[in-house]
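In my numbering, the protein residues as written are 7 to 200.
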């Protein structure tokens, strides 16, 4: 009988190299009237925000529901929460919509970004970190708060979401019509015998 003895240190080192489980979650249940805010994968703005926040937090982030009269806030004065993810208008818009879909209010972009001292270079309407595989971000999340009195605007976001859906449906309709009315392709050169 052959026995294999593996030193404990090697076994522990092996365990440390195994990929870690990453989690992007949310326990928020949005009001049905906010279905327009879901992305193409059916993810709520809360879950989209969790995905984006996870990129700056070792792959893990959870967006929890809020009690009445609370709001999501940006980074705090201790700078431990300041990062390239939270200091974007995209995450601000998503978490503002997450508050709105719980029938709550939200803060202005200026208040949200007050402690984003090291990330003032991030252009509004952009997300400078890689958008992770497993999610997509709703087009309305890239809207600029400065176009709406420095705040997230539900009506504008919904119009962008509806417009994107209308464009998508129109493109599908045009593509479908093209396929139905396209003559068969002909080769420009006759095939030569082998």
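Even glycine gets a Cβ: it sits at the ideal position worked out from N, Cα and C.
Minimum C-alpha distance to residue i - residue among the options
| i | options | result |
| --- | --- | --- |
| residue 144 | 32, 33, 29 and 41 | 41 |
| residue 139 | 109, 65 and 155 | 65 |
| residue 79 | 47, 114 and 53 | 114 |
| residue 77 | 52, 137 and 39 | 52 |
| residue 161 | 135, 122 and 106 | 106 |
| residue 91 | 61, 39, 45 and 156 | 61 |
| residue 31 | 88, 110, 67 and 39 | 67 |
| residue 116 | 99, 147 and 135 | 99 |
| residue 71 | 111, 133, 165 and 153 | 111 |
Residue i, DSSP secondary structure in three states
| i | result |
| --- | --- |
| residue 49 | coil |
| residue 30 | strand |
| residue 133 | coil |
Rounded Cβ spacing between residue i and residue j (contact assumed at less than 8 Å)
| i | j | result |
| --- | --- | --- |
| residue 151 | residue 95 | 6 Å |
C-beta atoms of residue i and residue j nearer than 8 Å
| i | j | result |
| --- | --- | --- |
| residue 59 | residue 34 | no |
| residue 104 | residue 55 | yes |
| residue 82 | residue 121 | yes |
Buried/exposed call for residue i, threshold 16 Cβ in 10 Å
| i | result |
| --- | --- |
| residue 74 | exposed |
| residue 69 | buried |
| residue 124 | exposed |
| residue 127 | exposed |
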